[in-house]
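Chemist:
Number of protein chains: 2
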Amino acid sequence: MNTLEELRNRLDKIDKELIEKYKERMEISKEVGEIKVEMGREVLDPIREQEKINQVTEGFQDPFLKTGIAELYQQLFTQSRMLQYQVFINRGEDAKQGFQEVDEIAGKGKRVIYQGVQGAYSHQAARDFFGEDAFYTNVTTFKDAFEAVREGRGDYAVLPMENSSAGKVGDVYDLLVKYDLSIVGEIVLPISHTLSGVESSSIESIERVYSHNQAIMQSKEFLNQHPKWELNSMENTALAAKFVSEANDPRYGAICSEEASKLYQLKVLAKEINQVDNNSTRFVVVSKAKIYRKDAEKISVCIELPHETGSLYRILSHVIFNGLNMTKILSRPIKHKTWEYRFFLDFEGNLKDGSVQNALIGIENESRKLKIFGNY
Amino acid sequence: MNTLEELRNRLDKIDKELIEKYKERMEISKEVGEIKVEMGREVLDPIREQEKINQVTEGFQDPFLKTGIAELYQQLFTQSRMLQYQVFINRGEDAKQGFQEVDEIAGKGKRVIYQGVQGAYSHQAARDFFGEDAFYTNVTTFKDAFEAVREGRGDYAVLPMENSSAGKVGDVYDLLVKYDLSIVGEIVLPISHTLSGVESSSIESIERVYSHNQAIMQSKEFLNQHPKWELNSMENTALAAKFVSEANDPRYGAICSEEASKLYQLKVLAKEINQVDNNSTRFVVVSKAKIYRKDAEKISVCIELPHETGSLYRILSHVIFNGLNMTKILSRPIKHKTWEYRFFLDFEGNLKDGSVQNALIGIENESRKLKIFGNY
Numbered sequence: 020m021n022t023l024e025e026l027r028n029r030l031d032k033i034d035k036e037l038i039e040k041y042k043e044r045m046e047i048s049k050e051v052g053e054i055k056v057e058m059g060r061e062v063l064d065p066i067r068e069q070e071k072i073n074q075v076t077e078g079f080q081d082p083f084l085k086t087g088i089a090e091l092y093q094q095l096f097t098q099s100r101m102l103q104y105q106v107f108i109n110r111g112e113d114a115k116q117g118f119q120e121v122d123e124i125a126g127k128g129k130r131v132i133y134q135g136v137q138g139a140y141s142h143q144a145a146r147d148f149f150g151e152d153a154f155y156t157n158v159t160t161f162k163d164a165f166e167a168v169r170e171g172r173g174d175y176a177v178l179p180m181e182n183s184s185a186g187k188v189g190d191v192y193d194l195l196v197k198y199d200l201s202i203v204g205e206i207v208l209p210i211s212h213t214l215s216g217v218e219s220s221s222i223e224s225i226e227r228v229y230s231h232n233q234a235i236m237q238s239k240e241f242l243n244q245h246p247k248w249e250l251n252s253m254e255n256t257a258l259a260a261k262f263v264s265e266a267n268d269p270r271y272g273a274i275c276s277e278e279a280s281k282l283y284q285l286k287v288l289a290k291e292i293n294q295v296d297n298n299s300t301r302f303v304v305v306s307k308a309k310i311y312r313k314d315a316e317k318i319s320v321c322i323e324l325p326h327e328t329g330s331l332y333r334i335l336s337h338v339i340f341n342g343l344n345m346t347k348i349l350s351r352p353i354k355h356k357t358w359e360y361r362f363f364l365d366f367e368g369n370l371k372d373g374s375v376q377n378a379l380i381g382i383e384n385e386s387r388k389l390k391i392f393g394n395y
Numbered sequence: 020m021n022t023l024e025e026l027r028n029r030l031d032k033i034d035k036e037l038i039e040k041y042k043e044r045m046e047i048s049k050e051v052g053e054i055k056v057e058m059g060r061e062v063l064d065p066i067r068e069q070e071k072i073n074q075v076t077e078g079f080q081d082p083f084l085k086t087g088i089a090e091l092y093q094q095l096f097t098q099s100r101m102l103q104y105q106v107f108i109n110r111g112e113d114a115k116q117g118f119q120e121v122d123e124i125a126g127k128g129k130r131v132i133y134q135g136v137q138g139a140y141s142h143q144a145a146r147d148f149f150g151e152d153a154f155y156t157n158v159t160t161f162k163d164a165f166e167a168v169r170e171g172r173g174d175y176a177v178l179p180m181e182n183s184s185a186g187k188v189g190d191v192y193d194l195l196v197k198y199d200l201s202i203v204g205e206i207v208l209p210i211s212h213t214l215s216g217v218e219s220s221s222i223e224s225i226e227r228v229y230s231h232n233q234a235i236m237q238s239k240e241f242l243n244q245h246p247k248w249e250l251n252s253m254e255n256t257a258l259a260a261k262f263v264s265e266a267n268d269p270r271y272g273a274i275c276s277e278e279a280s281k282l283y284q285l286k287v288l289a290k291e292i293n294q295v296d297n298n299s300t301r302f303v304v305v306s307k308a309k310i311y312r313k314d315a316e317k318i319s320v321c322i323e324l325p326h327e328t329g330s331l332y333r334i335l336s337h338v339i340f341n342g343l344n345m346t347k348i349l350s351r352p353i354k355h356k357t358w359e360y361r362f363f364l365d366f367e368g369n370l371k372d373g374s375v376q377n378a379l380i381g382i383e384n385e386s387r388k389l390k391i392f393g394n395y
């Protein structure tokens, strides 16, 4: 029986030799790459790679070793290809897909569309981002917002990335693909609900409360202190405020933002009535122009892949190898294409970073389709 | 200048030697693993692995090679650990987390809770799954459904996995974690909307249409043929049917399921009015009992990971290495833990499969937390 130390000494010796072989292999691969690029051949050659895997696993019976060797070579190939993609970058090619760097996304004089009614949280998010000198208008659905921006009737649209009655997160992603718009900014808005009523109302006069279902649920602890109140769900919080204002009845209360309360001339009866664990919503700003702030630090992409074991894994290897931090991943089957998948990835970085370019060139070459949603 | 063929011949020679070293390394690793398990030591030893990476990358200046070697060794370690986890399996340990195999999930005499109103699609989904011999009741929110099942007031709950006004997809996942319930089944329900009205109504008499926003959007093409109709959004499709029934006005129409139309004694004026690309919704069945059908073919898990480059990648390697097909992936930050993430994975397989056990044992040992949501 070998001791742990003896075994580890043997490993150290093997590792030296293994590294030597690895280094030689990468050097030759680099030469192969240069020849391939010169000949105008694709870097990724799945048939040749499969042949090599068949060759190196030949004669192995143990399924574990067979799989292990295949995995090992998949990784060596990926690394070789990354080295070969460098040739493209050295030639001045990039994977920016036409995105142009700008100093800032300014709101002055711009036409900004938000989805939702006046006084909705998306209205507030839009104003937070673009400020006083922009022009605002609202539409009903995500699709309306996308169409208006595509057709140039607005410069930017602000949309919630959380679920709402007007659409789902996934819908925004699908629309970004369909309308070829880009994300140029995001707003994380602290959500703070008020209970508001008309001028003549007070906490004591309230008998019925109106709001969106989610806002009601978020304010459950507060509402539990008033068990006699009748709760009524409405399409959104701003509509609830409008309804209470028009009803002009001191028995009615609305759960809504402070902004909506003000807009519909209501009186705030209680502030910050929602629980702290539901305290923010994310909104994105989309535009037709492909631009990114020079200090943008998050990249969102959409990748289409065949439904094969390992296809996502290999794509992620480009992100990992380049040391990029992934912050979000989401899969979605592609409609009408049962065995293909669309993945949405967010990772940290700026389009002008070398590591980001390396990763994107690799992903672009090894997926069915790569679309950069934006860098913001 | 070397020709492509010369270079490839040199690669073939290097690969033979590389494979030889790989094989030797795996054999020694296996011995190391056996000693470690005997000594009661953890299979994963991040400090020792980091030392080894420092050792093998020592003396390399090229950042590409340095990263490449580190990646290569990460993979060799992962493979060695997989081999070492086999020792646990050979000892009869498993990663089933107490799940018991059953022949079927029978509905006879069972108390089934669905989220939503009578006649809602979730009601239909529940009936499709459990049949005529079960007892049904409904609750308002996802949370109510989970609480009822946890407290034993119901045997099963049926919940939509799409977004709805009662909650979001992510909420169901969070509730599965919080209430420690399991998924034991799923129903993919074809969604087919009708336009329904009271007995005295006809397509010609309709002036106002009531339904849930999403159903209205899904039926847009049909509604576009009737531009004069006024569209009104309600909380859900079944409530719309109920409202039209109670109003008893031939000018009112509801977009709802055939089931809801029947339940509220309405007359179907038009069938299948929704577009084909929104034609199904997925529901899950949750239970307190940890059971899985012997022919179950999909596994859903929740994995908690630190937010480090590569942590997800290494977890996925267990899925890939064992040849399992991943069908869904979703990330979600953990509330109050800014730098930790929760991932939801679906992959194909049955808990009694060797490949599934191998993958789960690896994932369990290398993540902060693994929870099997279910096999169904």
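Sequence order for the protein chains is A and B. Numbering-wise (the working numbering), the first sequence opens with residue 20 and increments by one. Numbering-wise (the working numbering), the second sequence opens with residue 20 and increments by one. No residue lacks a Cβ here, since even glycine has one placed at the ideal position from N, Cα and C.
Opposite B:Ala202 in the DSSP bridges: which residues?
Modeler: Just to set this straight, residue 202 of chain B is Ile in the shown sequence, not Ala. In the DSSP output, where bridge partners are listed per residue, B:Ile202 has B:Val305 and B:Gly393.
Chemist: Can you grab the Cα-Cα spacing for the pair A:Leu84 / B:Lys42, in whole Å?
Modeler: 8 Å
Chemist: Take every Cβ of the region 302 to 321 of chain B, pair it with every Cβ of the region 258 to 269 of chain B, and state whether three or more of those distances are shorter than 8 Å.
Modeler: no
Chemist: Here's the rule I'm using: 16 or more other beta-carbon atoms within 10 Å means buried, otherwise exposed. How should A:Asn255 be labelled?
Modeler: Burial check for A:Asn255: the Cβ neighbour count within 10 Å reaches 16 or more, so the residue is buried.
Chemist: Under 9 Å, CB to CB, which of the residues in the region 160 to 171 of chain B have a partner in chain A?
Modeler: Thr160 and Lys162
Chemist: Taking the Cβ atom as the reference point for each residue, do A:Glu359 and A:His326 lie within a distance shorter than 8 Å?
Modeler: Taking C-beta atoms as the reference points, A:Glu359 and A:His326 count as a pair closer than 8 Å.
Chemist: Report all residues from its chain with a CB closer than 7 Å to the CB of B:Phe96; omit the five preceding and five following residues, and keep chain order.
Modeler: Glu68
Chemist: Alpha carbon to alpha carbon, how far is B:Gly128 from B:Val136?
Modeler: 21 Å
Chemist: Grouping DSSP H, G and I as helix and E and B as strand, with all else coil, what is A:Asp190?
Modeler: helix
Chemist: Have a look at B:Phe362 and B:Ile348 and give me their C-alpha separation to the nearest angstrom.
Modeler: 7 Å
Chemist: Would you mind reading off the limits of the alpha helix (DSSP H) that contains A:Arg169?
Modeler: Phe161 to Arg169
Chemist: In chain order, which alpha helix (DSSP H) runs of at least 4 residues are fully inside the region 101 to 155 of chain A?
Modeler: 140 to 149
Chemist: I need the DSSP call for B:Gly78, collapsed to helix, strand or coil.
Modeler: Coil, per DSSP.
Chemist: Using a Cβ cut-off of 7 Å, pull out every chain A residue sitting near B:Val75, in sequence order please.
Modeler: Chain-ordered, the chain A residues with CB closer than 7 Å to the CB of B:Val75 read Asp34 and Ile38.
Chemist: To the nearest angstrom, how far is the alpha carbon of B:Asp365 from that of A:Glu25?
Modeler: 42 Å
Chemist: Against chain A, which members of the region 63 to 88 of chain B pass a CB distance test of less than 8 Å?
Modeler: Lys71, Gln74, Val75, Phe83, Leu84, Thr86, Gly87 and Ile88
Chemist: Check the Cβ-Cβ distances between A:Glu254 and every residue of chain B, and say whether any is below 8 Å.
Modeler: yes
Chemist: Can you name the start and end residues of the beta strand (DSSP E) that A:Ala257 belongs to?
Modeler: No beta strand (DSSP E) holds A:Ala257; the alpha helix (DSSP H) holding it covers Thr256 to Ala266.
Chemist: Compare the C-beta of A:Ser184 against all C-beta atoms of chain B and say whether one is closer than 8 Å.
Modeler: Note that A:Ser184 scores a pLDDT of 46, beneath 50, so its modelled location is shaky; the value from the coordinates is reported in the next line. Yes, contact with chain B.
Chemist: Return the bridge partner residues of B:Met345 from the DSSP annotation.
Modeler: B:Phe366
Chemist: Leaving out the 5 sequence neighbours to the left and right, which residues in its chain are closer than 8 Å to A:Trp248 when beta-carbon positions are compared?
Modeler: Ile225, Glu226, Arg227, Val228, Leu242 and Gly272
Chemist: Compute the Euclidean distance between the alpha carbons of A:Thr160 and A:Ala234, then round it to the nearest angstrom.
Modeler: 20 Å
Chemist: For B:Ser211, would you say it is in contact with chain A, using Cβ-to-Cβ distances shorter than 8 Å as the test?
Modeler: At a cut-off of 8 Å between C-beta atoms, B:Ser211 does not count as an interface residue with respect to chain A.
Chemist: Pull up the CB-CB distance for A:Val287 and A:Leu389, whole angstroms please, since I reckon it's below 8 Å.
Modeler: No, A:Val287 and A:Leu389 are not in contact; Cβ-Cβ is about 48 Å, not under 8 Å.
Chemist: Determine, using beta-carbon pairs with one atom in the region 280 to 294 of chain A and one in the region 209 to 217 of chain A, whether at least three such pairs fall under 8 Å.
Modeler: yes
Chemist: Cβ of B:Tyr395 within 8 Å of Cβ of B:Lys317?
Modeler: yes
Chemist: So, helix, strand or coil for A:Thr22, using DSSP?
Modeler: coil
Chemist: At least one CB of chain B closer than 8 Å to the CB of A:Val136: is that the case?
Modeler: no
Chemist: Measure the Cβ-Cβ separation of B:Tyr155 and B:Asn384 and say whether it is below 8 Å.
Modeler: no
Chemist: Could you tell me whether any Cβ in chain B is nearer than 8 Å to the Cβ of A:Arg361?
Modeler: Using a Cβ-Cβ cut-off of 8 Å, A:Arg361 does not count as an interface residue toward chain B, since no Cβ of chain B sits closer than that to its own.
Chemist: Excluding the 5 residues preceding and the 5 following A:Ile382 in the sequence, name in chain order all residues of the same chain whose CB lies nearer than 7 Å to its CB.
Modeler: Ile322, Ile334, His337 and Leu389
Chemist: By the 10 Å Cβ neighbour count, where 16 or more other Cβ atoms means buried, how is A:Ala125 classified, buried or exposed?
Modeler: Exposed, because fewer than 16 other Cβ atoms sit within 10 Å of the Cβ of A:Ala125.
Chemist: Does chain A have any CB closer than 8 Å to the CB of B:Gly13?
Modeler: Outside the modelled stretch of chain B, which goes from 20 to 395, sits residue 13 of chain B, for which no answer is possible.
Chemist: Would you call the region 140 to 151 of chain B and the region 274 to 281 of chain B in contact, with 3 or more CB pairs under 8 Å?
Modeler: yes
Chemist: Going by C-alpha to C-alpha distance, which of A:Phe165, A:Val131, A:Gly138 and A:Val168 sits closest to A:Asp152?
Modeler: A:Val131
Chemist: Quick check on A:Arg44 - is its C-beta less than 8 Å from some C-beta in chain B?
Modeler: yes
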